Amino acid sequence: MIEICPSGQWRPALQNAFDFAQKQVKNLVERDPDFYPMYTQNGHWRHTGEAWTHWCDGFLPGMMWIFHARTGDAEWSQLAERYTRPLEPRKMDRNVHDLGFIFLSTYHRWHKQTGEKALNDVVIQAGQTLALRFKEKGEYMSSFMGPDSLFIDIMANVGIIFYAALQTGDKQLLDVAMKHSLTSRRVLIRGDGSSSHEGMYDLETGEFLRQTTQQGYRGDSCWSRGLAWAIYGFTSSYNAVRDARFLETAETCADFYIRETPADGVPLFDYDLPEDGPRHLDSSAAAIVAAALLRLAKLTADPAKGVLYDQTARHILLTLSQPPFLATEKEGWEGILAEGVYHLHKGLGVNESVMWGEYFFVEALDRALRA
Ligand code: GLY
Numbered sequence: 001m002i003e004i005c006p007s008g009q010w011r012p013a014l015q016n017a018f019d020f021a022q023k024q025v026k027n028l029v030e031r032d033p034d035f036y037p038m039y040t041q042n043g044h045w046r047h048t049g050e051a052w053t054h055w056c057d058g059f060l061p062g063m064m065w066i067f068h069a070r071t072g073d074a075e076w077s078q079l080a081e082r083y084t085r086p087l088e089p090r091k092m093d094r095n096v097h098d099l100g101f102i103f104l105s106t107y108h109r110w111h112k113q114t115g116e117k118a119l120n121d122v123v124i125q126a127g128q129t130l131a132l133r134f135k136e137k138g139e140y141m142s143s144f145m146g147p148d149s150l151f152i153d154i155m156a157n158v159g160i161i162f163y164a165a166l167q168t169g170d171k172q173l174l175d176v177a178m179k180h181s182l183t184s185r186r187v188l189i190r191g192d193g194s195s196s197h198e199g200m201y202d203l204e205t206g207e208f209l210r211q212t213t214q215q216g217y218r219g220d221s222c223w224s225r226g227l228a229w230a231i232y233g234f235t236s237s238y239n240a241v242r243d244a245r246f247l248e249t250a251e252t253c254a255d256f257y258i259r260e261t262p263a264d265g266v267p268l269f270d271y272d273l274p275e276d277g278p279r280h281l282d283s284s285a286a287a288i289v290a291a292a293l294l295r296l297a298k299l300t301a302d303p304a305k306g307v308l309y310d311q312t313a314r315h316i317l318l319t320l321s322q323p324p325f326l327a328t329e330k331e332g333w334e335g336i337l338a339e340g341v342y343h344l345h346k347g348l349g350v351n352e353s354v355m356w357g358e359y360f361f362v363e364a365l366d367r368a369l370r371a
């Protein structure tokens with residue numbers, strides 16, 4: 001159970017973390033210009049470890065857009081533009097289910113800062129492309145693994161389809177986003193608020209077959225980052241269309257996170273690990289949840305829950321803003337947040353910095369510091 005220690009001290013710690021984040025990103029772009037890293041090895045972004053799938057390129061420029069919006073420093077907008085432009089061709093990329101991650105962090109933030117229509121058109125096209133993954137039988141968008149695979153991660157991307165649908169008035173797009181969200185809710189979210197990473201389908205009949213996982217401990221366990229994507233994603237879906245079912249799901253998953261996570265707010269990479277198994281933390285799950293809870297706190301209809309979600313988010317951020325999570329005391333460490341996990345079974349990015357952890361940490365810090 002997360003234990004909130006009321007403290008007036010969160011602001012200086014979070015501001016310090018935000019400043020450290022800018023320093024680490026500046027060092028990265030000076031040391032290794034125009035490189036889009038994914039996870040560190042021994043604290044270094046440049047290595048030859050495999051990507052598994054190509055989904056992270058928006059997160060580095062996304063942080064730059066946040067730095068610019070918060071500081072007004074023109075150097076950040078120049079860098080953000082330089083790192084965002086090369087991503088445009090990916091608006092047609094049909095090989096990944098991650099176009100929300102790539103374009104909501106970049107072109108969407110850029111458009112919000114300038115209002116330029118051409119930038120918005122890129123976001124809309126990316127949403128339209130993502131929707132092409134929709135399977136009529138089964139009513140879900142398939143993961144990059146194959147047409148019979150549904151990932152909870154896609155919930156954190158479906159927001160770009162809701163956005164494209166609402167911008168264009170395209171009812172078919174809206175239908176895809178609604179159906180995908182409702183299917184994920186039905187087959188990947190359990191009664192206790194835990195989540196499954198992956199669902200498998202029979203392509204002939206559209207029948208849902210079973211829950212399984214790629215990155216979690218096992219098929220019936222709760223992978224903590226998957227839960228984080230669920231909280232973030234259902235919050236975004238509710239924000240887009242105000243369907244009460246999405247709010248209820250976001251809150252049920254958030255309540256599981258608060259109930260089952262250790263007092264400091266950072267979970268193990270899976271909630272069902274055996275005592276004698278590998279027990280690595282995942283700071284990136286905590287960062288994503290902090291960002292989601294700050295949004296959910298403003299959307300919930302229950303004022304007591306609003307306070308709980310807001311205070312929990314600040315408590316998590318306070319934990320992440322200190323060692324061993326904030327990498328200030330790790331000599332030569334190139335990331336911002338240590339203690340993340342990408343893919344344990346493949347041995348990728350274990351106890352390392354991960355680009356999505358950096359991005360959602362910066363997003364959450366920015367939101368918290370606005371209050
Ligand atoms: N596959 C996305 C993630 O690692 O969370």
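Its first residue numbered 1, the sequence shown is counted upward by one per residue in my numbering. Cβ coordinates follow ideal geometry from the N, Cα and C atoms, glycine included. Since the model is a prediction, treat every value here as computed from it, not as a measurement.
Query	Result
Taking the alpha-carbon of GLU358 as reference, which of ALA13, PHE18, GLY127, THR129 has the nearest alpha-carbon?	PHE18
Thinking C-beta only, is TRP52 closer than 9 Å to ASP32?	no
Measure the beta-carbon distance from THR213 to SER221 and round it to whole angstroms, keeping in mind my assumption that it falls under 8 Å.	7 Å
Keeping to the same chain, check which residues put their C-beta closer than 7 Å to that of PRO323; ignore five residues upstream and five downstream.	GLU329
Across which residues does DSSP place GLY199 in a beta bridge pair?	LEU150, GLN211
Identify, in the order they occur along the chain, each residue of the same chain with its Cβ nearer than 6 Å to the Cβ of ASP153, setting aside the five sequence neighbours on each side.	TRP229
Mapping DSSP to helix, strand and coil, what is ASP19?	helix
Taking DSSP's pairing of strands, which residues face GLN41 in a bridge?	HIS44
Express the C-alpha separation of ALA21 and ASP350 in angstroms, rounding to a whole number.	According to the sequence displayed, residue 350 carries Val and not Asp. Looking at the two C-alpha atoms, the distance is approximately 21 Å.
Just to confirm, does HIS280 get its C-beta within under 8 Å of one of the non-hydrogen atoms of ligand 1?	no
Classify LEU337 as buried or exposed, calling it buried when 16 or more other Cβ atoms lie within 10 Å of its own Cβ.	buried
Under a three-way DSSP split, which group does VAL289 fall into?	helix
Taking the alpha helix (DSSP H) that HIS315 falls in, what are its first and last residues?	303 to 320
From this set, LYS23, LEU294, LEU369, LEU150, which residue's C-alpha is nearest ALA250's C-alpha?	LEU294
At what residues does the alpha helix (DSSP H) containing GLY58 begin and finish?	It is not in any alpha helix (DSSP H) - GLY58 carries neither H nor E in the DSSP assignment.
When you compare the CB positions of TYR36 and CYS56, do they come within less than 9 Å of one another, or not?	yes
Near ALA301, which residues of its chain fall below 8 Å by C-beta distance, leaving aside the five closest residues on each side in sequence?	LEU247
With a threshold of 8 Å (Cβ to nearest heavy atom), would HIS345 be considered close to ligand 1?	no
Sorry if obvious, but does the Cβ on ARG225 come closer than 8 Å to a heavy atom of ligand 1?	yes
For ASN120, does the count of other Cβ atoms within 10 angstroms reach 16, so buried, or fall short, so exposed?	buried
Going by DSSP in three states, ASN95 sits in which element: helix, strand or coil?	coil
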